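Visitor: Numbering (our numbering), first residue to last: 1185 to 1387.
In this text, a Cβ means the ideal position worked out from N, Cα and C, and glycines have one as well.
Here the structure is a predicted model, which means the values were calculated and not measured.
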């Protein structure tokens, strides 16, 4: 019994040492990429989009985003993260497409300038792998989203996480012009998202 109390004290002290440690993103060493595809739908073969096959892909990224990571345990099992993305910083390499993506018909960046992800649950999977469960808000719609994350680098003054997820853009009311939603050639509803994020301690 006498030994139990000191051991418990050490455990509690160890946890306290990690409480509230905050990391900030290093933007110039980080990236937030996305991709989707154009799919071919032939009504004579099927009138539903089951397992659509991409015939070409469209890639893009957000140039401006910030992330704060709060580490409350050594292994991040008690971690929290908040990401704020400048919606107007979307870039796909096509001026007319980017103009449409930022317009009121799609992201409506004038009224909804930020895309926000708040992750409040880190689920350890072993081998520095985690599921990060949170809420993603695009425009005025919030949906649950889970990231598959890997703690690729861990040091006293530097962390690196890579993560990926996919969303259904219909869940957030994101739709293209009619011809790209109902024609034979359509934009895939699924958007693949990849994040590579480097962090340093917040001063």
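Below 8 angstroms, can you find three or more Cβ-Cβ pairs linking the segment 1345-1356 to the segment 1308-1323?
Guide: The answer is yes - the segment 1308-1323 touches the segment 1345-1356, with three or more Cβ pairs under 8 angstroms.
Visitor: Could you pull out every residue in the same chain whose Cβ sits closer than 7 angstroms to the Cβ of residue 1374, ignoring the five residues on either side in sequence?
Guide: Same-chain partners within the cutoff: 1220, 1350 and 1352.
Visitor: Measure the Cβ-Cβ separation of residue 1208 and residue 1345 and say whether it is below 8 angstroms.
Guide: No, the Cβ-Cβ distance between residue 1208 and residue 1345 is not below 8 angstroms.
Visitor: Using the Cβ count rule (16 or more neighbours within 10 Å means buried), how would you classify residue 1255?
Guide: So residue 1255 ends up on the buried side.
Visitor: Considering Cα atoms alone, identify which of 1280, 1250, 1272 and 1298 is closest to residue 1326.
Guide: Residue 1326 has its Cα closest to that of 1298, out of 1280, 1250, 1272 and 1298.
Visitor: List the endpoints of the continuous alpha helix (DSSP H) containing residue 1281.
Guide: Its alpha helix (DSSP H) spans residues 1279-1286.
Visitor: Are the segment 1297-1317 and the segment 1327-1339 touching, with three or more C-beta to C-beta distances below 8 angstroms?
Guide: They touch, by the three-pair rule.
Visitor: Check whether the segment 1300-1313 touches the segment 1275-1287, taking contact to mean three or more Cβ pairs, one atom from each stretch, closer than 8 angstroms.
Guide: Result no; under three Cβ-Cβ pairs closer than 8 angstroms.
Visitor: With DSSP collapsed to three states, give me the class of residue 1333.
Guide: Correct three-state label for residue 1333: strand.
Visitor: In chain order, what residues of the same chain have a beta carbon less than 6 angstroms from the beta carbon of residue 1217, not counting five sequence neighbours either side?
Guide: Hits under 6 angstroms: 1245 and 1378.
Visitor: Does residue 1223 pass the burial test, meaning 16 or more other C-beta atoms within 10 Å, or should it be called exposed?
Guide: By the 10 Å Cβ count, residue 1223 comes out buried.
Visitor: Where do the N-terminal and C-terminal ends of the beta strand (DSSP E) with residue 1346 fall, by residue?
Guide: Segment 1343-1352, the beta strand (DSSP E) holding residue 1346.
Visitor: Counting along the chain, where does the beta strand (DSSP E) carrying residue 1320 start and finish?
Guide: That run of the beta strand (DSSP E) goes 1313-1322.
Visitor: Locate the beta strand (DSSP E) running through residue 1383, then write down its first and last residues.
Guide: Its beta strand (DSSP E) spans residues 1374-1385.
Visitor: Measure the alpha-carbon distance for residue 1386 versus residue 1341 and round it to whole angstroms.
Guide: Approximately 10 angstroms, taken between the alpha carbons.
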